[in-house]
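To convert a position in the sequence shown, counted from 1, into this note's numbering, add 293. Worksheet: one structure, shown below.
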Amino acid sequence: MSRRAFRIAVLLSVSTVLICAVLLMVAPDSTLTLWVDDLAQLIPPWIAAGFSVVAARRSQGRMRWTWRGIAVAAAGWGSGQLIWCWYELVLGADVPAPSLADIGYLLLPIGAAFGLVAYPGPAGSSASRLRSLLDGCIVGAALVAVLWPTLISDVVAANEDSAFALAVALAYPIGDMLLLTMVVSAVTRPTPARSALGLLSAALTCMAVADIGFLYLNTTTDYNTGAFTDLGWIAGLLLLALAAMAGTQDDGSGTTTAIRRPATPVTALPYVPLLFAALVITVEALEGRSPGGTASVAFLIGTAAVLARQYLSNKDNHTLLQELASREEQLEKQAFYDQLTGLANRGLFGNRVAHALELHARDLRPLAVVFIDLDDFKAVNDTYGHGAGDELLVRVSERLHGAVRRGDTVARFGGDEFAVLLEDGGEGTFVASRIIDALREPFALSAGIVSIGASVGVSEVLPEQQSPSLDRVLAQADMAMYSAKRAGKGQLALYDTDMVLPEAADLQLRPALVKAVQRDEITAVFQPIIDLSDGRIVEVETLARWTHSGEAIPPDYFVPLAGRAGVLSEFTDLMLGKACAALHRWSVLPGGEHTRISVNLPPALVVDPELPGRVARILRQEGIAPARLTLELTEDALVDDPATAKSVTGRLEELGVELSVDDFGKGYSSLLSLRQIALHAVKIDRAFVANLDQDREAERFLNALLVMGRELELAVTAEGVERPEQARILMALGCHRAQGNLFSPPLPAAELGALLASGGTFAGVAGVPGRATPAR
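Written as structure tokens, this is what we have:
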């Protein structure tokens, strides 16, 4: 049914009620009023029955049974009214009491009560069902307390001669009380389609009130059609028809429709009849009449139900307050604490630093902020997986708590960044040193034993200093931490005014790096790669170094900076030239004629079509055979543009230059992408070697990589060898090429040349490796 048609139906219903009201007031005893009155009670119930059947067909689940019950109720009333009209309008006779019409009329409260019981709502708990039952008891008891002294006792007295007539007569007030009880119970609980329920409740309320008026008139005087109580039936039947029409507009699911809670005033409805009952009993008592035992007992039952209802409400409120407190605590924890480690998060840490700064400004209390960034955390994630990384973060948080005082705040900012707030005299550098020492010890994880470190920055606010802003003190700690990171792993830095943030450092260092490349100020150092079987130097890796304003800038920073500055090609050509020039000088030395050299190739240049031509030119200039040069790529260099990378590396292969994958096992390429280029060697990432002598799982990982390298017929080098036991395990696993500070740190070209000239080997490595020592 369309909304426009429904509005027209509402208008017609209102008009019908108004017309009937006028006729009942102006000419209650006229034939016209008789016909209009009877037909106004005959036609609407059949309309309601028809639309209820349609609504039932469109509905599902319990809502379907609701409209079936309403259809029975409406059809029952319509049948009873049809019999009534036959007597009054056709036969012109009074309707006998009781009669067949009573059967139809009494079907209305039965069918309507069934429909209201079936009306869908949320699957409530036993407590909610008990509340609904108590609401029904309150309403039912109150109605008995009101109707017994005012109506039901008179009905009993008027029909005491016939048990059947008494039963029929009592069925009406009992049905009316049942209807009103069910209506109040329905409208005070959350339900879907409240517009249809509202119309249905209003209809049944009008019908029940009209019934009660009819019974009152019938016991005190003679009722005749045209009495003003008929208006209640007419209005109720029209509302019933409108409710059925509204039911056809609903989606009919009764489950997918949103459950809506009743308005607050509606929830007070169960108490209204009890208040009215109290008023009736009070008036009876004031007039010297006893309300009777039945009414008194009913009122007491209603009062007891109210007390029980209030007890349940108080219990529910207490439970709700506990749940709200628990949820508030959970929300606070989610808002201010890190979910993984349980540490304070950035927001809570900022609040506490701000409070500490207020105390500094007021009472000159010192404070210090410590920023911690874990070293090699990514290697742990890449090697053992994110589960191990999360476990490591939890272990780190535990050690941080152990390194600070009880009242200090430890926070996790996200990722592998942590922070500590020291108040009331906490010495920042002392605590930072304790943190570095605590995190330097190996961690026993489920996946194995791992070793990491931490770069720590400290910003102190001393009593004599002016209080900085929150953002400023956090930025200072951040700058100090980045300064420590640039200095190397496991370093500590205390903020001073010369420090700048990395973004600002970019702006300062970028032009300096461009000049350094143009002026040939980038130096090269060389680290030997050893054959573990006989200690010979078989290859040398070229490493870039840059010192700016007396500070050594880490390659991890300035090589990407060269790309951002637009001088990456020039920088790489410079390093290639230095490597080939050094190799040319070593070639005339004893033992240097067969030495190979390797140079790292930035990922961005692997897709540079001009790279092979520049490499060929540098090799010609220095007189180096292409076969003595190895270009080291990283795995992720092959991911972004594999087609171009394949073309460039193919041309390098044609030139005779060998290709190696650096940091093998750490990147993101698949074996398929590695097959697309002509590889000669791989260099296993130091993360697989770092815990080799402490963790059997790391040994199994490394062995798998070695087996893969042998199957692919690649020369395999293990980098990052620091301890003799690592070298012994590598030998046992069949890895014969190694590089690391155990043998030699990176050396200037002249020192490495002297090592080659002296016939230097690292004999004894196959047994118990020692410090790199030239053979004499």
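We treat Cβ as the ideally placed atom computed from N, Cα and C, and that holds for glycine. Just so we're clear, the structure is a prediction, and the values are computed from it rather than from any experiment.
Next on the checklist: Given this structure, state the Cα-to-Cα distance separating Asn996 from Gly828, to the nearest angstrom.
Outcome noted: When rounded, the separation of the alpha-carbon atoms in Asn996 and Gly828 is 22 Å.
Checklist entry - Can you round the beta-carbon distance between Ala1031 and Ile823 to whole angstroms, since I take them to be within the 8 Å contact cut? => result 5 Å
Checklist entry - Thinking C-alpha only, which one of His648, His1029, Thr359 is nearest Leu657? => result His648
Checklist entry - Whole-angstrom Cβ separation of Ile1022 and Leu972, contact assumed at under 8 Å? => result Not a contact, Cβ separation roughly 25 Å.
Checklist entry - What residues are listed by DSSP as bridge partners for Leu440? => result The beta-bridge partner set that DSSP reports for Leu440 is empty.
Item to check | Nearest-angstrom beta carbon gap, Arg692 and Leu732 [assumed within contact, 8 Å] | outcome: Contact between Leu732 and Arg692 holds, since their C-beta atoms are separated by about 6 Å, short of 8 Å.
Checklist entry - Using 7 Å as the limit for Cβ to Cβ distance, is Val1000 near chain B? => result Annotation note: the requested chain B is absent from the structure, which comprises a single protein chain.
Checklist entry - With which residues is Ser748 paired in a DSSP beta bridge? => result Asp666
Checklist entry - At what residues does the alpha helix (DSSP H) containing Asp469 begin and finish? => result Segment 456-480, the alpha helix (DSSP H) holding Asp469.
Next on the checklist: Just list the residues that DSSP pairs Ser842 with in beta bridges.
Outcome noted: DSSP, once it has assigned bridges, lists no residue as partnering Ser842.
Checklist entry - Can you give the beta carbon distance from Ala539 to Ala489, rounded, assuming they're within the 8 Å contact cut? => result 4 Å
Checklist entry - Would a C-beta distance cut-off of 7 Å place Trp526 and Gln353 closer than the cut-off? => result no
Item to check | Environment of Glu903 [buried if 16+ CB atoms lie within 10 Å] | outcome: Glu903 should be labelled exposed.
Item to check | Beta-bridge pairing of Arg1030 - partner residues as DSSP gives them | outcome: Asp824, Thr1010
Checklist entry - For Gly943, which residues from the same chain have a beta carbon less than 8 Å from its beta carbon, with the 5 sequence-adjacent residues on both sides left out? => result Ile970, Ala971
Next on the checklist: Would Ala349 and Leu497 qualify as a contact pair, given that the criterion is a beta-carbon distance under 7 Å?
Outcome noted: Taking C-beta atoms as the reference points, Ala349 and Leu497 fail to come closer than 7 Å.
Item to check | Where Lys808 falls, given that 16 or more other Cβ within 10 Å makes a residue buried | outcome: exposed
Checklist entry - With DSSP run on the structure shown, which of helix, strand or coil describes Phe957? => result Three-state DSSP puts Phe957 in a strand.
Checklist entry - Would you say Ala780 and Val751 are within 7 Å of each other, going by their C-beta atoms? => result no
Checklist entry - Going by beta carbon distance, what residues of the same chain come within less than 6 Å of Ala786, once the five residues before and after it are set aside? => result Gly750, Ala773, Ser776, Ala777
Next on the checklist: Quick check: the stretch 611-619 against the stretch 460-472, are at least 3 beta-carbon pairs closer than 8 Å?
Outcome noted: no
Item to check | Distance, Asp730 Cα to Asp641 Cα | outcome: Checking the sequence, you will find Leu at residue 641 rather than Asp. Whole-angstrom Cα-Cα distance: 27 Å.
Checklist entry - At a cut of 8 Å, does the stretch 305-316 reach the stretch 526-535 through at least three beta carbon pairs? => result yes
Item to check | DSSP-derived helix/strand/coil call for Ala333 | outcome: helix
Next on the checklist: So within the stretch 643-722, which uninterrupted beta strand (DSSP E) runs reach at least 3 residues, ignoring any that extend past its ends?
Outcome noted: 660-668, 702-707, 710-716
Checklist entry - Helix or strand or just coil, what does DSSP make of Ile977? => result In the structure shown, the three-state DSSP call for Ile977 is strand.
Checklist entry - Given 8 Å as the limit, is there contact between the stretch 975-994 and the stretch 934-952, that is, 3 or more CB pairs closer than that? => result no
Checklist entry - With distances taken from CA atoms, which of Pro735, Asn638, Glu753 is nearest Ile745? => result Pro735
Item to check | Per DSSP, cross-strand counterpart(s) of Asn893 | outcome: Glu925
Checklist entry - DSSP three-state call for Ser295: helix, strand or coil? => result Note: Ser295 maps to coil in three-state DSSP.
Next on the checklist: Less than 7 Å between the C-beta atoms of Cys1028 and Val1009, yes or no?
Outcome noted: yes
Item to check | His679 burial status per 10 Å Cβ neighbour count (16 or more: buried) | outcome: So His679 counts as exposed.
Item to check | Other residues of its chain near Asp934: CB distance less than 7 Å, five sequence neighbours each side excluded | outcome: Val900
Checklist entry - Exposed or buried, which one is Ser455 when buried takes at least 16 other CB atoms within 10 Å? => result exposed
Item to check | Distance between Pro761 and Leu836 (C-alpha atoms, nearest Å) | outcome: In this structure, the straight-line span from the alpha carbon of Leu836 to that of Pro761 is close to 42 Å.
Item to check | Proximity of Leu926 and Val954 at Cβ, strictly below 7 Å | outcome: A contact, by the Cβ cut-off of 7 Å.
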